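Quick notes on the structure that follows.
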Amino acid sequence: MKNFVIWAILLVAVGYGGSKLYLHNEVSEAMDMAVLMMAPYAKVEYEGVRSTLTGELTVEGVRAKINGYSDTLTIDRMGIDTPSFFSLLNLSDLTSNGADAMPEYIGFLVEGLRIPVDADYFDDFYEMTRS
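Right, here's the structure in full:
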């Protein structure tokens, strides 16, 4: 019985670790593709991807510098919040699961959004609104 419990715990841990690795790989590949697609317009960097058992998936340390401007936009953490880790896994396979992959709710998270008050792109935005 003792061996059964140990093997069950080990199997659960390996399953969780494998699914988390899969999820992080999928999100990292999607982020890398998004960064490449934005390259003509902005230089975007991020530090990493993080997920929790509670269903939160975040991208950490995002920095973006719009081409033609000198100021950097910084976001400490941005992502989505779902009911559970399994909801995140279903979302990662949205194409084959269709509407059934959508969780009960999705929350959007943005923490630590920092834009310099004297950012040079604000000048252009102000000029556009005056016209």
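Residue 21 in numbering that gives the first Met the number 0 sits at position 22 of the sequence shown, and the numbers go up by one each step.
All C-beta atoms, glycine included, are put in the ideal place defined by N, C-alpha and C.
Source: prediction; values computed, not measured.
- In the structure shown, D75 adopts extended strand secondary structure according to DSSP, grouped into three states.
- Only residues of its own chain outside the window of five on either side were considered, and among them V48 have a CB closer than 7 Å to the CB of S27, listed in chain order.
- The beta carbon of M36 is closer than 7 Å to none in its chain, skipping five residues each way along the sequence.
- Going by C-alpha positions, L90 is about 39 Å away from D117.
- For S50, the secondary structure class from DSSP, reduced to helix, strand or coil, is strand.
- By the Cβ test, the segment 36 to 46 is not in contact with the segment 9 to 20, since fewer than three Cβ pairs between them sit closer than 8 Å.
- E55 sits in a strand when the DSSP states are folded into three classes.
- Between the C-alpha atoms of E110 and H23 there is a straight-line separation of about 20 Å.
- Closest by C-alpha distance to S86, out of L72, T73 and G106, is G106.
- Contact between T51 and G78 does not hold, since the beta-carbon distance rounds to 10 Å and is not under 8 Å.
- Here V4 is exposed: its Cβ has fewer than 16 other Cβ atoms, across all protein chains shown, within 10 Å.
- With a 10 Å radius around the Cβ and a threshold of 16 neighbouring Cβ atoms, V61 comes out buried.
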